[in-house]
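Letter by letter, the sequence shown follows residues 202 to 473 of this note's numbering.
C-beta: ideal position from N, C-alpha, C; glycine also.
None of the values given here were measured: they were computed from a predicted structure.
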Amino acid sequence: MKISRLSGGLAAACLFISAFAGSASAQGARDAYGNPKAAPSPRPNSAPVRRAPVRTQPSYSAPASTGGNSSVRFGLRGGLNLADVQGDAVKSFTDLTSYAPEGSISRQMRPGFYAGLYATLPLGPSFAIEPGITYSEKGTVLRGRVPVPALDFLNTQLTGTARLAYIDVPVLAKVFVTPGFYLYAGPQASFLVSGKARVEAGALGFNAYRQDFDLSNQLRKIDFAAVGGLGYQFESGLGLSAGYDYGLSSLDSGNRFDAQNRVVKVGLNYSF
Numbered sequence: 202m203k204i205s206r207l208s209g210g211l212a213a214a215c216l217f218i219s220a221f222a223g224s225a226s227a228q229g230a231r232d233a234y235g236n237p238k239a240a241p242s243p244r245p246n247s248a249p250v251r252r253a254p255v256r257t258q259p260s261y262s263a264p265a266s267t268g269g270n271s272s273v274r275f276g277l278r279g280g281l282n283l284a285d286v287q288g289d290a291v292k293s294f295t296d297l298t299s300y301a302p303e304g305s306i307s308r309q310m311r312p313g314f315y316a317g318l319y320a321t322l323p324l325g326p327s328f329a330i331e332p333g334i335t336y337s338e339k340g341t342v343l344r345g346r347v348p349v350p351a352l353d354f355l356n357t358q359l360t361g362t363a364r365l366a367y368i369d370v371p372v373l374a375k376v377f378v379t380p381g382f383y384l385y386a387g388p389q390a391s392f393l394v395s396g397k398a399r400v401e402a403g404a405l406g407f408n409a410y411r412q413d414f415d416l417s418n419q420l421r422k423i424d425f426a427a428v429g430g431l432g433y434q435f436e437s438g439l440g441l442s443a444g445y446d447y448g449l450s451s452l453d454s455g456n457r458f459d460a461q462n463r464v465v466k467v468g469l470n471y472s473f
């Protein structure tokens, strides 16, 4: 009888404890002061969270709106030429005037312009090939005075200008050293469009003589050069560059003298 009562008491105690624990669980855990404890943060999923890959744009890349530079881009370029002709032809001309007072003949760069189109073919994140076609003005300017000391009081001036125009076809290799900044180099073929010379003479500040000569028949129709330079391309598409054209072939079609084009150029470009 006592055992049955004891068993009944234990059963009642277990039911009471179970009910209390359920009530506490339903109300949430409380701290030592009876205040509810904050619910523990859920455990993160054991599976790794995949993040979207971060796409890095190549340094020569298109604006972000185009989604990268995986395709060919086209552009326009133009700028200033400072051209000269160096070689035996200029030296021979100076030698022919050696009877003149020293320093009476000086050679200057001829200013001109260039403008054309190009295409950029990316071959990697930092390398591209860039063919193009450009109209380019070249030549040189010789200035001096009439080699007669007795006429110095007239302040006579002589100017000879070689006015050459070409269609340049460069094929450039561009290497991007840092994002946007690049170096370029490559071969260039130039096709003669016009070859003229102008001789002018004046005295006392007035032009007294001017005559133009056509030199096209005396010049090679195709000129070859090595091209190199540097530039910076912004992601907006705008860019700037500076370069040098080093002529490799003689300009004289009859091989009577050796003279080559030299051109310093600076300009702007825009890639679409």
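ask   = According to DSSP, which residues form a beta bridge with Glu-338?
value = One-based indexing of the sequence shown puts residue 338 at position 137. According to DSSP, Glu-338 bridges with Ala-366.
ask   = Under three-state DSSP, which class holds Ala-222?
value = Residue numbering aside, residue 222 sits at position 21 when the sequence shown is read from its first letter. Confidence in Ala-222 is poor, its pLDDT being 45 and thus under 50, which makes the residue's placement too unreliable to answer from.
ask   = Thinking C-beta only, is Gly-317 closer than 7 Å to Gly-333?
value = In the sequence shown, the residue the question calls residue 333 occupies position 132. In the sequence shown, the residue the question calls residue 317 occupies position 116. For Gly-333 and Gly-317, yes; Cβs fall inside 7 Å.
Rounded straight-line distance, which links the Cα of Gly-325 to that of Val-467 = Counted from its first residue, the sequence shown places residue 467 at position 266. Counted from its first residue, the sequence shown places residue 325 at position 124. Each residue's Cα considered, the two are about 26 Å apart.
Per-residue burial, Pro-312 [other beta carbons within 10 Å of its own, 16 or more giving buried] = Mapped onto the sequence shown, residue 312 falls at position 111. With fewer than 16 other Cβ atoms within 10 Å, it is exposed.
request  = Specify the secondary structure class of Ser-417 as computed by DSSP and reduced to three states.
outcome  = Your numbering for residue 417 matches position 216 in the sequence shown. Correct three-state label for Ser-417: helix.
query = Are Tyr-471 and Leu-277 close, meaning C-beta to C-beta below 7 Å?
reply = Against the sequence shown, residue 471 aligns to sequence position 270. Against the sequence shown, residue 277 aligns to sequence position 76. In contact: Tyr-471 and Leu-277 (Cβ atoms closer than 7 Å).
key: Asn-470: first and last residue of the uninterrupted beta strand (DSSP E) it sits in   = Numbered from 1 along the sequence shown, position 269 holds the residue referred to as residue 470. That run of the beta strand (DSSP E) goes 460-472.
ask   = So, Ile-320 versus Lys-375, is the Cβ gap smaller than 7 Å?
value = Taking the first residue of the sequence shown as position 1, residue 320 is located at position 119. Taking the first residue of the sequence shown as position 1, residue 375 is located at position 174. Correcting the residue identity first, residue 320 is Ala in this sequence and not Ile. Cβ atoms of Ala-320 and Lys-375: not closer than 7 Å.
Inter-residue spacing [alpha-carbon to alpha-carbon] between Lys-422 and Gly-345 = Locating residue 422 in the sequence shown gives position 221, where the first residue counts as 1. Locating residue 345 in the sequence shown gives position 144, where the first residue counts as 1. Taking the straight line joining both Cα atoms gives about 30 Å.
request  = Could you say which of Leu-431, Asn-462 and Gly-438 lies nearest to Phe-392 if we only look at CA atoms?
outcome  = Here residue 392 refers to the residue found at position 191 when the sequence shown is read from its first residue. Phe-392 has its Cα closest to that of Asn-462, out of Leu-431, Asn-462 and Gly-438.
request  = Classify Arg-273 as helix, strand or coil using the three-state DSSP reduction.
outcome  = If you number the sequence shown from 1, residue 273 lands on position 72. Before going on, a small fix: residue 273 reads as Val here, not Arg. Correct three-state label for Val-273: coil.
query = Alpha carbon to alpha carbon, what distance is there between Val-428 and Gly-444?
reply = Taking the sequence shown and counting its residues from 1, the one referred to as residue 444 is at position 243. Taking the sequence shown and counting its residues from 1, the one referred to as residue 428 is at position 227. Roughly 7 Å between the two C-alpha positions.
query = Can you name, in chain order, every residue of its own chain whose Cβ lies under 6 Å from the Cβ of Gln-412, other than the five neighbours on each side?
reply = Stepping through the sequence shown from its first residue, residue 412 is reached at position 211. Taken in chain order, the residues that qualify are Val-400.
ask   = Between the Cα of Leu-431 and the Cα atoms of Asn-408, Asp-459 and Phe-377, which residue gives the shortest distance?
value = Here residue 431 corresponds to residue number 230 of the sequence shown, with the count starting at 1. Per the Cα distances, Phe-377.
query = Could you give the residue range of the beta strand (DSSP E) that holds Gly-444?
reply = Residue numbering aside, residue 444 sits at position 243 when the sequence shown is read from its first letter. Taken as a continuous stretch (DSSP letters only), the beta strand (DSSP E) holding Gly-444 covers 439-448.
message = Just to confirm, is the Cβ distance from Gly-396 to Leu-420 under 7 Å?
response = For this step, residue 396 is matched to residue 195 along the sequence shown. For this step, residue 420 is matched to residue 219 along the sequence shown. Yes; because the gap between Cβ atoms is below 7 Å, this pair is in contact.
key: For Pro-388: DSSP bridge partner residues   = What you label residue 388 is simply residue 187 of the sequence shown in a count that begins at 1. Looking at the DSSP assignment, Pro-388 forms a beta bridge with Ala-427.
inquiry  = Using a Cβ-Cβ cutoff of less than 7 Å, which residues in the same chain neighbour Thr-309 once the five nearest sequence positions on both sides are dropped?
reply    = Here residue 309 refers to the residue found at position 108 when the sequence shown is read from its first residue. The identity of residue 309 in the sequence shown is Gln, whereas the question assumes Thr. Excluding residues within five positions, the ones whose Cβ falls inside 7 Å are Val-342 and Arg-344.
Residue from Arg-274, Phe-473, Gly-448 and Ser-417 with nearest C-alpha to Arg-364 = In the sequence shown, counting from the first residue as 1, residue 364 sits at position 163. Among Arg-274, Phe-473, Gly-448 and Ser-417, the Cα nearest to that of Arg-364 belongs to Ser-417.
query = With C-beta atoms as the reference, is Leu-281 less than 7 Å away from Glu-331?
reply = What you label residue 281 is simply residue 80 of the sequence shown in a count that begins at 1. What you label residue 331 is simply residue 130 of the sequence shown in a count that begins at 1. Result no, Cβ atoms of Leu-281 and Glu-331 do not sit closer than 7 Å.
task = Compare the beta carbon distance of Tyr-447 and Ala-426 with 7 Å and say whether it is the shorter of the two.
result = By 1-based counting over the sequence shown, the position of residue 447 is 246. By 1-based counting over the sequence shown, the position of residue 426 is 225. A contact, by the Cβ cut-off of 7 Å.
query = Exposed or buried, Gly-440, counting other C-beta atoms within 10 Å across all chains shown (16 or more means buried)?
reply = Along the sequence shown, read from residue 1 onward, the residue named residue 440 stands at position 239. Gly-440 is buried by the Cβ-count criterion.
query = Rounded C-beta distance between Asp-459 and Asp-289? I'm assuming under 8 Å.
reply = By one-based count along the sequence shown, residue 459 stands at place 258. By one-based count along the sequence shown, residue 289 stands at place 88. Asp-459 to Asp-289, Cβ: 5 Å. Contact.
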